[in-house]
Amino acid sequence: KHDVNTPDEYKVGGNNHFDIHIYRNSDVIGGKPLEIITAEDLKGKSGFEGKLITESVKHSVVNEFIEIVLGLRKVGDTESDLSTHGLSALLMSLIYQAGIQRTEIHKEYAL
Numbered sequence: 002k003h004d005v006n007t008p009d010e011y012k013v014g015g016n017n018h019f020d021i022h023i024y025r026n027s028d029v030i031g032g033k034p035l036e037i038i039t040a041e042d043l044k045g046k047s048g049f050e051g052k053l054i055t056e057s058v059k060h061s062v063v064n065e066f067i068e069i070v071l072g073l074r075k076v077g078d079t080e081s082d083l084s085t086h087g088l089s090a091l092l093m094s095l096i097y098q099a100g101i102q103r104t105e106i107h108k109e110y111a112l
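Going by our numbering, the first residue of the sequence shown is number 2, and it counts up by one from there.
As structure tokens, this is what we get:
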């Protein structure tokens, strides 16, 4: 069903709709204060053209894992090394916990 993507698939409600919002303090680090990257922007660059992007990414992750287990790929030779995601995972976890508890994130949780 998802072998071919129509332009509507990248719009709100479509199977390939997602946006990445990047917020920057441009006064400190420069660059655009807000950058929005859409799935449609990524489709040709990522090699996922004509496929359901999220499913393709899941397949790639599983394939990389299996290749590592079988010794066909080195642990650090992956598209995204999970060991570098610690801070992001912690921040998301704290945001979810604060939302569930309806509390503020306190300084003692900050790194």
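Note that CB positions come from ideal geometry on N, CA and C, so glycine has one too.
Practice task
Tell me whether Y11 is buried or exposed, calling it buried when 16 or more other Cβ atoms sit within 10 Å of its Cβ.
Solution key: Locating residue 11 in the sequence shown gives position 10, where the first residue counts as 1. Per the 10 Å Cβ criterion, buried.
Exercise for the section: Give me the Cα-Cα distance between L92 and P8, rounded to the nearest whole angstrom. Expected result: For this step, residue 92 is matched to residue 91 along the sequence shown. For this step, residue 8 is matched to residue 7 along the sequence shown. Going by the C-alpha atoms only, they are around 34 Å apart.
Problem - Environment of N17 [buried if 16+ CB atoms lie within 10 Å] - result: What you label residue 17 is simply residue 16 of the sequence shown in a count that begins at 1. With 16 or more other Cβ atoms within 10 Å, it is buried.
Handout entry: Whole runs of the alpha helix (DSSP H) within the region 55-110, excluding any shorter than 4 residues
Key = 87-102
Practice task
Could you tell me if I30 is buried or exposed, where buried requires 16 or more neighbouring beta carbons within 10 angstroms of its beta carbon?
Solution key: Stepping through the sequence shown from its first residue, residue 30 is reached at position 29. With fewer than 16 other Cβ atoms within 10 Å, it is exposed.
Handout entry: Residue environment, I101, which counts as buried when at least 16 other CB atoms sit within 10 Å
Key = Start at 1 with the first residue of the sequence shown, and residue 101 comes out as number 100. Exposed is the call here.
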